[in-house]
Amino acid sequence: MDHFVIVQALCRAALASPTPAVRRQVERLREALEAAGSAEQEAVIARLLASGERTAEMVPSRLVRSSATVTGEALTPRTAMPVDKETAQPLAEVVFAQDLPTEPPLLSPAMLRNVTALLEEWQQIARLEALGIPTAPSCLIFGAPGTGKTQLALWMAGQLDLPVILARVDGLISSFLGTTARNIATLFTFAARYRCVLLLDEFDAIAKLRDDPQEVGEIKRVVNAVLQNLDARRAQGLTIGITNHETLLDPAIWRRFDVQLEMPRPEPEARRRIALRYLADAPHREVLAGMIAWLTAGGSGAEIETMATSLRKRLALSDPGLSPYQAVLNVLGLHAGRVAAEPRAQLDHTPEDLARTLWQDQSLGFDQADLATVFGKDPATISRWVNAARRPRSRRERAT
Ligand SMILES: Nc1ncnc2c1ncn2[C@@H]1O[C@H](COP(=O)(O)OP(=O)(O)O)[C@@H](O)[C@H]1O
Ligand SMILES: [Mg+2]
6 MDHFVIVQAL CRAALASPTP AVRRQVERLR EALEAAGSAE QEAVIARLLA
56 SGERTAEMVP SRLVRSSATV TGEALTPRTA MPVDKETAQP LAEVVFAQDL
106 PTEPPLLSPA MLRNVTALLE EWQQIARLEA LGIPTAPSCL IFGAPGTGKT
156 QLALWMAGQL DLPVILARVD GLISSFLGTT ARNIATLFTF AARYRCVLLL
206 DEFDAIAKLR DDPQEVGEIK RVVNAVLQNL DARRAQGLTI GITNHETLLD
256 PAIWRRFDVQ LEMPRPEPEA RRRIALRYLA DAPHREVLAG MIAWLTAGGS
306 GAEIETMATS LRKRLALSDP GLSPYQAVLN VLGLHAGRVA AEPRAQLDHT
356 PEDLARTLWQ DQSLGFDQAD LATVFGKDPA TISRWVNAAR RPRSRRERAT
């Protein structure tokens, strides 16, 4: 390609603060270079695209992975875990620092700022205390299932270079009267001994006790045990609690946490970026990510991941001519409960009608070239489709 150096500089400048449309145009350039057999130039553009993505996801560089000021013995694979006396089941598992996720879930810029500020504070506990500022390093993360709460908590511990004592609160609950409270005390005593982050996952499990009228005394005992242990823990180490159902959690427990972070369901642009992450190097990933963001309206990160992975498998196993549209239709039946009702109904229409819907939906940012990629048609056909004014007809209606 002539003037490639200038084109490359243009791409780099544009990708510094990319909109979806910019990314897609650069992706098209990459595809065109690939089709033209310009492997070297194609590789340059592919690298630019990849590094642009990393920048978009990057954690502010001020955050350096470093040991938080937490004291205690070191956990090792030989450390004996505390167990439930009745069942001999372990009350927690250890996730060592090297096994913690190195990437956070994709967070909104505001959430990323909050989390970064919190981690900075946790890294500087000693300094804050020397200044006479009290610290109570605890954080409750709440939000719908599958929004990345557990992954976030584990990643945070990794950033502090601390292993995690991971307790699923469900596993602490015993059918034997008094044993649940004892399990809680045992767990906290264990955590106090070691350098770690104590992670109380699925905290709402405690609330389940409430469903049983026989358990009124027991729930009181358990909530009190949690409160007492959380209070004592303030002076001992870092604690992260996680709950899907913040309303179920006892308000007194809720208040014990210094910081409360909400993991929201991802917005359209966040859905697109999560989809891009899990589509990895799948063909047509840019337009596919747009389609997944559209299909998973109201969904969680975990649902987007499942859908993206499913499409990636389908594309890997199908002949290369399969269009993104056909791939989506192919996997649709496998994700019946995951796809929002509105897009599911639209996918039942003819490709012509669907193309027009996608074209008219400004939030998707699809231009006609993108739609040509989606449907595997030439741009002239797409232009004819989107410019024809017809009432939508279903595929079934059309066949008759
Ligand atoms: N915002 C996100 N960005 C990237 N991946 C996500 C996101 N939310 C969820 N996931 C994916 O879904 C998986 C399940 O998330 P998890 O942390 O278990 O959710 P939760 O604890 O909120 O139920 C994660 O391991 C990750 O692969
Ligand atoms: Mg979880």
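Here the sequence shown is numbered in the working numbering, starting from 6 and rising by one per residue.
All C-beta atoms, glycine included, are put in the ideal place defined by N, C-alpha and C.
Enclosing alpha helix (DSSP H) for residue i [first to last residue]
{"i": "Ile-387", "result": "384-392"}
{"i": "Glu-98", "result": "No alpha helix (DSSP H) holds Glu-98; the beta strand (DSSP E) holding it covers 98-100."}
{"i": "Arg-170", "result": "Residue identity check: residue 170 is Ile in the sequence provided, not Arg. Run containing Ile-170: none in the alpha helix (DSSP H); it sits in the beta strand (DSSP E), 169-173."}
{"i": "Asp-1", "result": "Any question about residue 1 goes unanswered here, given that the chain covers just 6 to 405."}
{"i": "Leu-339", "result": "Looking at the DSSP string, Leu-339 is not in any alpha helix (DSSP H), and its letter there is neither H nor E."}
{"i": "Leu-157", "result": "154-164"}
{"i": "Phe-9", "result": "9-21"}
{"i": "Ile-178", "result": "First-last for Ile-178: undefined, no H or E at that position."}
{"i": "Ala-42", "result": "What sits at residue 42 in the sequence shown is Gly, not Ala. Per DSSP, Gly-42 belongs to no alpha helix (DSSP H) and is neither H nor E."}
{"i": "Ser-305", "result": "Taken as a continuous stretch (DSSP letters only), Ser-305 belongs to no alpha helix (DSSP H), as it is neither H nor E."}
Endpoints, beta strand (DSSP E) assigned at residue i
{"i": "Ser-143", "result": "143-148"}
{"i": "Glu-251", "result": "Neither: Glu-251 is in no beta strand (DSSP E) and is coded neither H nor E."}
{"i": "Leu-4", "result": "In the structure displayed, the chain extends from 6 to 405; residue 4 sits before or after that span and is not available."}
{"i": "Val-88", "result": "Unbroken run through Val-88: none, as it is neither H nor E."}
{"i": "Gln-265", "result": "264-268"}
Contact test: residue i Cβ vs ligand 4 heavy atom, cutoff 6 Å
{"i": "Lys-225", "result": "Ligand 4 is absent from the structure shown, which contains only ligand 1 and ligand 2."}
Identity of the residue in the options nearest residue i by Cα
{"i": "Ile-224", "options": "Glu-272, Leu-235, Ala-19 and Ala-210", "result": "Ala-210"}
{"i": "Arg-173", "options": "Leu-112, Asp-89, Arg-200 and Leu-136", "result": "Asp-89"}
{"i": "Arg-270", "options": "Val-336, Ala-26, Phe-147 and Cys-16", "result": "Phe-147"}
{"i": "Val-221", "options": "Leu-182, Asp-236 and His-250", "result": "Leu-182"}
{"i": "Glu-357", "options": "Asp-366, Ile-178 and Asn-392", "result": "Asn-392"}
{"i": "Gln-367", "options": "Ser-56, Arg-343 and Gly-295", "result": "Gly-295"}
{"i": "Asn-119", "options": "Val-264, Ala-374 and Leu-203", "result": "Val-264"}
{"i": "Phe-9", "options": "Gln-30, Ser-43 and Ser-22", "result": "Ser-43"}
{"i": "Leu-352", "options": "Leu-203, Thr-121 and Leu-337", "result": "Leu-337"}
Cα-Cα separation, residue i to residue j
{"i": "Ala-385", "j": "Ala-37", "result": "18 Å"}
{"i": "Thr-378", "j": "Leu-293", "result": "10 Å"}
{"i": "His-340", "j": "Asp-286", "result": "22 Å"}
{"i": "Ser-66", "j": "Leu-266", "result": "No answer about Ser-66 holds up, because its pLDDT of 45 lies below 50 and its placement is not dependable."}
{"i": "Ile-247", "j": "Glu-207", "result": "6 Å"}
{"i": "Leu-327", "j": "Ile-297", "result": "17 Å"}
{"i": "Ala-131", "j": "Leu-124", "result": "13 Å"}
{"i": "Thr-92", "j": "Ala-85", "result": "16 Å"}
{"i": "Ala-26", "j": "Arg-317", "result": "22 Å"}
{"i": "Thr-405", "j": "Leu-322", "result": "Because the pLDDT of Thr-405 is 49, which lies under 50, any placement of that residue in the model is unreliable, and the question is left without a value."}
{"i": "Glu-4", "j": "Leu-133", "result": "Residue numbering for the chain in the displayed model covers 6 to 405; residue 4 lies beyond these limits and cannot be assessed."}
{"i": "Thr-252", "j": "Arg-260", "result": "13 Å"}
{"i": "Pro-348", "j": "Arg-28", "result": "24 Å"}
{"i": "Arg-396", "j": "Leu-359", "result": "Only weak support is given to the placement of Arg-396: the predicted model assigns it a pLDDT of 49, under 50, and the value that follows is read from those uncertain coordinates. In a straight line, the C-alpha of Arg-396 is about 11 Å away from that of Leu-359."}
{"i": "Thr-155", "j": "Thr-362", "result": "37 Å"}
{"i": "Leu-203", "j": "Leu-232", "result": "15 Å"}
Cβ distance (whole Å) where residue i is taken to contact residue j below 8 Å
{"i": "Thr-301", "j": "Ala-345", "result": "7 Å"}
{"i": "Ala-149", "j": "Ser-305", "result": "6 Å"}
{"i": "Leu-171", "j": "Val-100", "result": "6 Å"}
{"i": "Glu-78", "j": "Arg-226", "result": "So it is not a contact: roughly 30 Å between Cβ atoms."}
- Item | Three or more C-beta pairs below 8 Å linking the region 157-170 and the region 272-286 | No: the two stretches stay apart, fewer than three of their Cβ pairs being nearer than 8 Å.
- Message: Quick check: the region 176-191 against the region 84-102, are at least 3 beta-carbon pairs closer than 8 Å?
- Response: Short answer: they touch.
- Query: Is it true that the region 137-157 meets the region 237-255, where meeting means three or more beta-carbon pairs spaced less than 8 Å apart?
  - Reply: Yes: at least three Cβ pairs fall under 8 Å.
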